[in-house]
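**Student:** Before anything else, here's the structure in question.
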Amino acid sequence: MSVRQTRLSFALAGVLAAFSASAAPENAGQPAPVAGIEAGWLTPPPRPQLESAFAPDRLPARAAVLPVLEYVAAAQIADMSRHPIQLSTGSNLAEISSNWVAATFYVGAARLARISARPDTLRFLTATAEHYNYAMRGARAERLLLNADELAIGDLYQELYARRGQQGVLMPLRQRLDFMLPHLNRPQETPALIWWWCDALFMAPPVLARQSQLTGDPAYLRAMDREWRRTAARLWVERDRLFLRDERFKERDHLGAGGKPVYWARGNGWVMGGLARTLESMPAGFEGRAFYTNIFTKMASRVIELQQPDGLWRSDLNDPQSFPEPETSGSGFFVYALAWGINHGLLDRATYLPAATKGWAALNRHVLPNGLVGAAQKTGDRPVPTRLEDVGPYATGAYLLAGLEVMDLHGPVQALPQPLPARDDEATILATTPQPIAPKTVVGDAEKARREQEMRATRALAYDPATLNTPARKSE
Numbered sequence: 081m082s083v084r085q086t087r088l089s090f091a092l093a094g095v096l097a098a099f100s101a102s103a104a105p106e107n108a109g110q111p112a113p114v115a116g117i118e119a120g121w122l123t124p125p126p127r128p129q130l131e132s133a134f135a136p137d138r139l140p141a142r143a144a145v146l147p148v149l150e151y152v153a154a155a156q157i158a159d160m161s162r163h164p165i166q167l168s169t170g171s172n173l174a175e176i177s178s179n180w181v182a183a184t185f186y187v188g189a190a191r192l193a194r195i196s197a198r199p200d201t202l203r204f205l206t207a208t209a210e211h212y213n214y215a216m217r218g219a220r221a222e223r224l225l226l227n228a229d230e231l232a233i234g235d236l237y238q239e240l241y242a243r244r245g246q247q248g249v250l251m252p253l254r255q256r257l258d259f260m261l262p263h264l265n266r267p268q269e270t271p272a273l274i275w276w277w278c279d280a281l282f283m284a285p286p287v288l289a290r291q292s293q294l295t296g297d298p299a300y301l302r303a304m305d306r307e308w309r310r311t312a313a314r315l316w317v318e319r320d321r322l323f324l325r326d327e328r329f330k331e332r333d334h335l336g337a338g339g340k341p342v343y344w345a346r347g348n349g350w351v352m353g354g355l356a357r358t359l360e361s362m363p364a365g366f367e368g369r370a371f372y373t374n375i376f377t378k379m380a381s382r383v384i385e386l387q388q389p390d391g392l393w394r395s396d397l398n399d400p401q402s403f404p405e406p407e408t409s410g411s412g413f414f415v416y417a418l419a420w421g422i423n424h425g426l427l428d429r430a431t432y433l434p435a436a437t438k439g440w441a442a443l444n445r446h447v448l449p450n451g452l453v454g455a456a457q458k459t460g461d462r463p464v465p466t467r468l469e470d471v472g473p474y475a476t477g478a479y480l481l482a483g484l485e486v487m488d489l490h491g492p493v494q495a496l497p498q499p500l501p502a503r504d505d506e507a508t509i510l511a512t513t514p515q516p517i518a519p520k521t522v523v524g525d526a527e528k529a530r531r532e533q534e535m536r537a538t539r540a541l542a543y544d545p546a547t548l549n550t551p552a553r554k555s556e
């Protein structure tokens, strides 16, 4: 049976699963799962061998990596699914959410879903997107409409659109990006930046670049380029080949030990991860492309100098002694970026492969017994102490991206930009799109039959532009 057939077989079996939860969480004392959480999401597959499976000085086999990625992704989905979904998602740290904390996991999980035969990952992502109506936070103020954190979930909607071509999936995102364009393209320089903190370069620029790739409209990429350069002009330190987190870290009271600048590992890891994702969508002939590849390679050359003996990086790259504990939410993105750079011909394989394999082996030593990625610094804006049991969905997202690139280290160099994922067939779309359950009033055979007739009539009588192949109305 082919991989595609296996995937469809698993997927079609998933259609039969009820969209409402039918099993309680395994851990006593946990709140009951909310309606819409599928029972299968609450139980990860058996734990594969992790700690001793990956040697720091050897590239692991592809077949050894994929089960680990699927296990960790499933463990993260299970953990998120056990938490009640909050109405306000701004400060959520563990729940299914539309904020950047969860969206960073969705980025990695969506890439994994391209190659995984397990349908649950894509079903979970689709259900999440449906729950938030393919929309974003930030409606209360124009400043929030521009906030990069709120745009991070746009990557999920773009992935689903790329795979399915459903117009409504992209409409709210397009509206948000169109609101942003005149501000990103503002002709006058302003004291305040839109992307004033360096980790914003992971959240927003890849979404804008990909929107141009999906729609064929270069306006999104050009606008992204203008603001990215503004941010780099303020925060990039050429001498140290790293980014300050924001302009406060130029000030005396934000310096580190001995008066040295603070270079936050997660902030810089997210810049490199954001560069990789942006370059995946940027045309090879884009006039400003060399600006981005040059910064990426300069950062990579500095990052491998700062890798610690255990294979990870410390929270303050410039002062590992002040925060000596391992940290994965920055390290995961460094491993991802280094392996990605090798895979796409931007980094020399002989020079950077040892750092990538060493980092990958180290990350796997911090997958906790429950399958979550530990040693993840909590949310914030600077280095702080981190405990081995600290977790966050963003660290899992970085781990998944890193593992996928480590798998690809067995293949040839890949051209940029990357092609969009192949369109799903109807069977796959059906198998990975949870359907709403019938209303509680639908009870008994007669009412079920009436309901089915109603649904058939709805499909038969409704005007459908796709079926009629009627062109959309042009703007006047």
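Read in order, the letters of the sequence shown are residues 81 to 556 in our numbering. The beta-carbon is built from N, C-alpha and C at its ideal position, and this holds for glycine as well. No experiment lies behind these values; they were computed from the predicted model shown.
Under the rule that 16 or more other beta-carbon atoms within 10 Å means buried, what is Phe-259, buried or exposed?
**Tutor:** Along the sequence shown, read from residue 1 onward, the residue named residue 259 stands at position 179. Exposed, since its Cβ has fewer than 16 Cβ neighbours within 10 Å.
**Student:** Quick one: residues in its chain with C-beta nearer than 7 Å to the C-beta of Thr-437, no 5 flanking neighbours on either side, listed in chain order?
**Tutor:** Taking the first residue of the sequence shown as 1, we reach residue 437 at position 357. Pro-136, Asp-137, Arg-138 and Leu-139.
**Student:** Taking a contact to mean a Cβ-Cβ separation below 9 Å, would you say Ala-272 touches Met-304 in this structure?
**Tutor:** Taking the first residue of the sequence shown as 1, we reach residue 272 at position 192. Taking the first residue of the sequence shown as 1, we reach residue 304 at position 224. No, Cβ-Cβ distance for Ala-272 and Met-304 is not below 9 Å.
**Student:** Just to confirm the assignment, what range does the alpha helix (DSSP H) spanning Lys-438 have?
**Tutor:** Counting from one through the sequence shown, the residue named residue 438 turns up at place 358. Residues 429–444.
**Student:** Of all the options Glu-385, Ala-219, Ala-144 and Ile-176, which has the alpha carbon lying nearest to the alpha carbon of Asp-488?
**Tutor:** If you number the sequence shown from 1, residue 488 lands on position 408. Of the candidates Glu-385, Ala-219, Ala-144 and Ile-176, the one whose C-alpha sits nearest the C-alpha of Asp-488 is Ala-144.
**Student:** Let me check one thing: in DSSP terms, what residues is Glu-407 bridge-paired to?
**Tutor:** Locating residue 407 in the sequence shown gives position 327, counting from the first residue. For Glu-407, which the question treats as bridged, DSSP gives the partners Trp-393.
**Student:** Quick one, which of Gly-245, Pro-499 and Glu-222 has its alpha-carbon nearest Ala-546's?
**Tutor:** Indexing the sequence shown from 1 puts residue 546 at position 466. When only C-alpha atoms are compared, the closest one is Gly-245.
**Student:** Curious, which full-length alpha helix (DSSP H) runs of at least 4 residues does the segment 259–292 contain?
**Tutor:** The segment 259–292 contains these whole alpha helix (DSSP H) runs: 280–283.
**Student:** Hey, is the segment 423–437 in contact with the segment 449–468, meaning 3+ C-beta pairs nearer than 8 Å?
**Tutor:** No: fewer than three Cβ pairs fall under 8 Å.
**Student:** With distance defined between alpha-carbon atoms, name the residue in Tyr-416, Ala-209, Trp-277 and Leu-253 nearest to Ser-292.
**Tutor:** Stepping through the sequence shown from its first residue, residue 292 is reached at position 212. Of Tyr-416, Ala-209, Trp-277 and Leu-253, the residue nearest in Cα terms is Leu-253.
**Student:** Going by the DSSP bridge assignment, what does Val-453 pair with across the sheet?
**Tutor:** Start at 1 with the first residue of the sequence shown, and residue 453 comes out as number 373. In the DSSP output, where bridge partners are listed per residue, Val-453 has Val-447.
**Student:** Once DSSP output is grouped into helix, strand and coil, what is the label at Phe-371?
**Tutor:** Taking the sequence shown and counting its residues from 1, one reaches residue 371 at position 291. Correct three-state label for Phe-371: helix.
**Student:** With distances taken from CA atoms, which of Arg-127, Pro-164, Leu-146 and Pro-125 is nearest Ile-117?
**Tutor:** As a working note, residue 117 is residue 37 in the sequence shown. Selected option, being the one with the closest Cα: Pro-164.
**Student:** Classify Ser-395 as buried or exposed, calling it buried when 16 or more other Cβ atoms lie within 10 Å of its own Cβ.
**Tutor:** Position 315 of the sequence shown, counting from 1, holds the residue named residue 395. It counts as buried.
**Student:** Contact between the segment 317–327 and the segment 439–449: three or more CB pairs below 8 Å?
**Tutor:** Output reads no: the segment 439–449 does not touch the segment 317–327.
**Student:** List the residues that DSSP assigns as beta-bridge partners of Leu-322.
**Tutor:** Locating residue 322 in the sequence shown gives position 242, where the first residue counts as 1. According to DSSP, Leu-322 bridges with Val-317.
**Student:** Does the separation of the CB atoms of Trp-180 and Cys-278 fall below 9 Å?
**Tutor:** For the purposes of this step, residue 180 is taken as residue 100 along the sequence shown, with counting starting at 1. For the purposes of this step, residue 278 is taken as residue 198 along the sequence shown, with counting starting at 1. No, they are not a contact pair.
**Student:** Below 8 Å on the Cβ atoms is my contact criterion, and I expect Leu-205 with Ala-158 to pass it. Report the Cβ-Cβ distance as a whole number of Å.
**Tutor:** If you number the sequence shown from 1, residue 205 lands on position 125. If you number the sequence shown from 1, residue 158 lands on position 78. About 14 Å; that fails the 8 Å criterion.
**Student:** When burial is assigned at 16 or more other CB atoms within 10 Å of the CB, is Gln-238 buried or exposed?
**Tutor:** Translated into the one-based positions of the sequence shown, residue 238 becomes position 158. It is buried - the Cβ of Gln-238 has at least 16 other Cβ atoms within 10 Å.
**Student:** For Gly-349, I'd like the list of residues in its chain whose CB is within less than 6 Å of its CB, leaving aside the five on either flank, ordered along the chain.
**Tutor:** Locating residue 349 in the sequence shown gives position 269, where the first residue counts as 1. Answer for Gly-349: Gly-410, Phe-413 and Phe-414, listed in chain order.
**Student:** How should Tyr-543 be labelled, buried or exposed, when 16 other C-beta atoms within 10 angstroms of its C-beta is the threshold for buried?
**Tutor:** For the purposes of this step, residue 543 is identified with residue 463 of the sequence shown, where counting begins at 1. Flag for Tyr-543 reads exposed.
**Student:** Among Ala-495, Pro-404 and Gly-391, which has the Cα closest to the Cα of Trp-420?
**Tutor:** Against the sequence shown, residue 420 aligns to sequence position 340. Of the listed residues, the one whose Cα sits closest to Trp-420 is Ala-495.
**Student:** Is the beta carbon of Ile-274 closer than 9 Å to that of Arg-328?
**Tutor:** Position 248 of the sequence shown, counted from the start, is the residue given in the question as residue 328. Position 194 of the sequence shown, counted from the start, is the residue given in the question as residue 274. Cβ distance not < 9 Å, so Arg-328 and Ile-274 don't count as in contact.
**Student:** Tell me where the alpha helix (DSSP H) around Met-160 begins and ends.
**Tutor:** Counted from its first residue, the sequence shown places residue 160 at position 80. Here the alpha helix (DSSP H) through Met-160 covers 142–161.
**Student:** Using only alpha-carbon positions, find the residue among Pro-341, Glu-230, Ile-422 and Ala-435 that is nearest to Leu-386.
**Tutor:** As a working mapping, residue 386 is identified with position 306 in the sequence shown. Comparing Cα-Cα distances from Leu-386 to each of Pro-341, Glu-230, Ile-422 and Ala-435, the minimum goes to Ala-435.
**Student:** Return the residue from the list Met-160, Glu-210, Leu-226 and Ile-195 that minimises the CA-CA distance to Pro-514.
**Tutor:** Your numbering for residue 514 matches position 434 in the sequence shown. With distances taken between Cα atoms, Pro-514 lies closest to Glu-210.
**Student:** What does a CB cutoff of less than 6 Å around Leu-149 pick up in its chain, not counting 5 residues either side in sequence?
**Tutor:** What you label residue 149 is simply residue 69 of the sequence shown in a count that begins at 1. So the qualifying residues of the chain are Leu-192, Leu-480 and Gly-483.
**Student:** Locate the alpha helix (DSSP H) running through Phe-185, then write down its first and last residues.
**Tutor:** Within the sequence shown, the letter at position 105 stands for residue 185. Run containing Phe-185: 180–193, per the alpha helix (DSSP H) assignment.
**Student:** Can you have a look at Asn-398 and say buried or exposed, based on whether 16 or more other CB atoms are within 10 angstroms of its CB?
**Tutor:** Here the question's residue 398 lines up with position 318 in the sequence shown. Asn-398 comes out buried.
**Student:** Between the segment 491–508 and the segment 374–383, are three or more C-beta pairs nearer than 8 Å?
**Tutor:** Verdict: no, contact absent.
**Student:** Measure the C-alpha to C-alpha separation of Arg-162 and Glu-175 and round it to an integer number of angstroms.
**Tutor:** Residue 162 sits at position 82 when you count from the first residue of the sequence shown. Residue 175 sits at position 95 when you count from the first residue of the sequence shown. Looking at the two C-alpha atoms, the distance is approximately 8 Å.
**Student:** Skipping 5 residues on each side, what residues in its chain have a beta carbon closer than 6 Å to that of Leu-392?
**Tutor:** To locate residue 392, count along the sequence shown from 1; it is residue 312. So the list reads Pro-406, Ser-411 and Ala-442, once near-sequence residues are dropped.
**Student:** In chain order, what are the residue ranges of uninterrupted alpha helix (DSSP H) at least 4 long that sit wholly in the segment 230–256?
**Tutor:** Fully enclosed alpha helix (DSSP H) runs of 4 or longer: 234–244.
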